[in-house]
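Residue 346 is where the sequence shown starts when you use the working numbering, and the numbers rise one by one after that.
Where a beta carbon is used, it is the ideal one built from N, C-alpha and C, also for glycine.
Scroll down for the structure; my scribbles are underneath it.
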Amino acid sequence: MGQFYRFKAITSIILLFLFVIFCSLAIVLFFAAGWLHTYRIFTAETPVAKLEISPLKEDEKGKYFDVTLIQVIGVSPLAATFNPSNEVDNTLAAGDAKTYRLYGDQVDVGGPTIKFHDYLTFLNFETVYKIAYIRSEYSDAKVEEARTPEMTRRFDLNGGYSTWRSIQEDIQNNTFRGNILKLFVANIPQLNSRGVFVTDKEQTLTLCVTEEGFLFCNKEI
346 MGQFYRFKAI TSIILLFLFV IFCSLAIVLF FAAGWLHTYR IFTAETPVAK LEISPLKEDE
406 KGKYFDVTLI QVIGVSPLAA TFNPSNEVDN TLAAGDAKTY RLYGDQVDVG GPTIKFHDYL
466 TFLNFETVYK IAYIRSEYSD AKVEEARTPE MTRRFDLNGG YSTWRSIQED IQNNTFRGNI
526 LKLFVANIPQ LNSRGVFVTD KEQTLTLCVT EEGFLFCNKE I
């Protein structure tokens with residue numbers, strides 16, 4: 346009889362030990378999955394456009410380059426929710442390629458972005474954005490100041506971004522809409538862009554949108 350109780354006690358201890366190990370592993374896996382999800386969400390890079398930049402050229406007006414833009418996505422799906430008056434045209438639909446000639450020796454592309462509060466980002470609410478312009482500039486300030494009107498400096502894309510000013514004004518002025526927006530967004534709309542120098546080599550770049558805004562990333566389209 347004593348051996349029976351001893352065996353039962355040992356079995357109970359073993360089962361309890363296995364239960365503790367199982368629970369510990371479950372907790373570790375749960376937190377590991379949560380960490381991986383958080384890491385993925387806050388470091389995600391989503392390709393939205395490809396830029397093909399020609400080598401730097403020169404004519405009688407000055408140095409210039411051609412840039413071909415191919416958009417994967419030009420406007421965030423949630424953009425209209427925050428800015429119903431936002432103007433969107435079809436001059437550059439997703440997947441279309443369009444080439445622009447710009448005078449300068451550096452180029453940047455971007456537009457307004459809105460970042461959600463972290464708890465919404467964790468729930469897969471992605472940064473609101475719009476690719477709204479592509480523009481150039483001369484790195485030499487004296488050359489830039491000498492620019493003439495016929496030396497094209499900027500092209501608006503997807504209808505531009507002028508109507509996004511009202512969102513910032515509503516947030517700053519604490520209007521009813523502004524206070525509602527504050528429940529969801531972490532900051533005022535920011536004009537976010539990424540640029541590079543134009544060199545004597547052809548460049549192909551991928552523009553990505555991240556939790557912090559636009560970024561040239563090492564992803565293929």
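Thr555, buried or exposed, once every other Cβ within 10 Å from all chains shown has been counted against 16: Translated into positions along the sequence shown, residue 555 becomes position 210. Thr555 should be labelled buried.
Given Ala442 as reference, the closest of Lys395, Pro534, Ser507 and Thr493 once Cα atoms are compared: Taking the sequence shown and counting its residues from 1, the one referred to as residue 442 is at position 97. Residue Lys395 is the option with its Cα nearest to Ala442.
Coil, strand or helix - Asp515 by DSSP: The residue given as residue 515 occupies position 170 in the sequence shown. It is helical.
Validate contact between the segment 479-491 and the segment 458-468 using beta carbons, cut 8 angstroms, 3 pairs: In the pairwise beta carbon analysis, the segment 479-491 is classified as not touching the segment 458-468: fewer than three pairs are separated by under 8 angstroms.
With 16 other Cβ atoms within 10 Å as the buried cut-off, status of Ile475: As a position in the sequence shown, residue 475 is number 130, starting the count at 1. First, the amino acid is wrong: residue 475 is Lys here, not Ile. With 16 or more Cβ atoms within 10 Å of its Cβ, Lys475 is classed as buried.
Supposed contact pair Glu397 and Lys564 - C-beta distance, whole angstroms, cut 8 angstroms: Taking the sequence shown and counting its residues from 1, one reaches residue 564 at position 219. Taking the sequence shown and counting its residues from 1, one reaches residue 397 at position 52. Not confirmed; about 15 angstroms, so no contact.
Per-residue DSSP class, three states only, for Asp485: Counting from one through the sequence shown, the residue named residue 485 turns up at place 140. Here Asp485 sits in coil by DSSP.
Cut-off 6 angstroms between Cβ atoms - residues of its own chain near Gln535, not counting five sequence neighbours on either side: Counting from one through the sequence shown, the residue named residue 535 turns up at place 190. Here the set comprises Thr458.
Helix, strand or coil at Ser538 according to DSSP, with G and I counted as helix: In the sequence shown, residue 538 corresponds to position 193, counting from 1. Under the three-state reduction of DSSP output, Ser538 falls in the strand class.
Sequence-distant residues of its chain with Cβ nearer than 6 angstroms to Gly379 (five each side left out): Here residue 379 refers to the residue found at position 34 of the sequence shown. Because the pLDDT of Gly379 is 49, which lies under 50, any placement of that residue in the model is unreliable, and the number read from its coordinates should be weighed accordingly. If we look at Gly379 and ignore the five residues flanking it on each side, it has no Cβ neighbours.
Distance between Ser399 and Gln416 (C-alpha atoms, nearest Å): Position 71 of the sequence shown, counted from the first residue, corresponds to residue 416. Position 54 of the sequence shown, counted from the first residue, corresponds to residue 399. Put simply, the backbone Cα of Gln416 is about 18 angstroms away from that of Ser399.
Span of the beta strand (DSSP E), counted from its first residue to its last, around Leu552: What you label residue 552 is simply residue 207 of the sequence shown in a count that begins at 1. Start and end: Gln548 to Thr555.
Whole-angstrom distance between Leu468 and Asn532, CA atom to CA atom: What you label residue 532 is simply residue 187 of the sequence shown in a count that begins at 1. What you label residue 468 is simply residue 123 of the sequence shown in a count that begins at 1. Asn532 and Leu468 have their C-alpha atoms some 18 angstroms from each other.
Helix, strand or coil at Thr458 [DSSP, three-state]: For the purposes of this step, residue 458 is taken as residue 113 along the sequence shown, with counting starting at 1. Note: Thr458 maps to strand in three-state DSSP.
Anticipated Cβ contact below 8 angstroms, Cys562 with Thr551, distance rounded: For this step, residue 562 is matched to residue 217 along the sequence shown. For this step, residue 551 is matched to residue 206 along the sequence shown. Contact holds; Cβ gap of about 6 angstroms.
Residues that Lys475 bridges to, as DSSP identifies them: If you number the sequence shown from 1, residue 475 lands on position 130. Partner residues in the beta bridge of Lys475, as assigned by DSSP, are Val420.
Best match in Arg480, Trp509 and Ala491 for proximity to Val473 [C-alpha to C-alpha]: As a first step, residue 473 is located in the sequence shown; it is residue number 128 there, counting from the start. Ranked by how close their Cα comes to the Cα of Val473, the residues Arg480, Trp509 and Ala491 have Trp509 in first place.
Span of the beta strand (DSSP E) around Asp501: Along the sequence shown, read from residue 1 onward, the residue named residue 501 stands at position 156. Judged by DSSP secondary structure, Asp501 falls within the beta strand (DSSP E) whose first and last residues are Arg499 to Asp501.
Where Leu396 falls: helix, strand or coil (DSSP): Numbered from its first residue, the sequence shown carries residue 396 at position 51. Leu396 carries a strand assignment under DSSP once its states are collapsed to helix, strand and coil.
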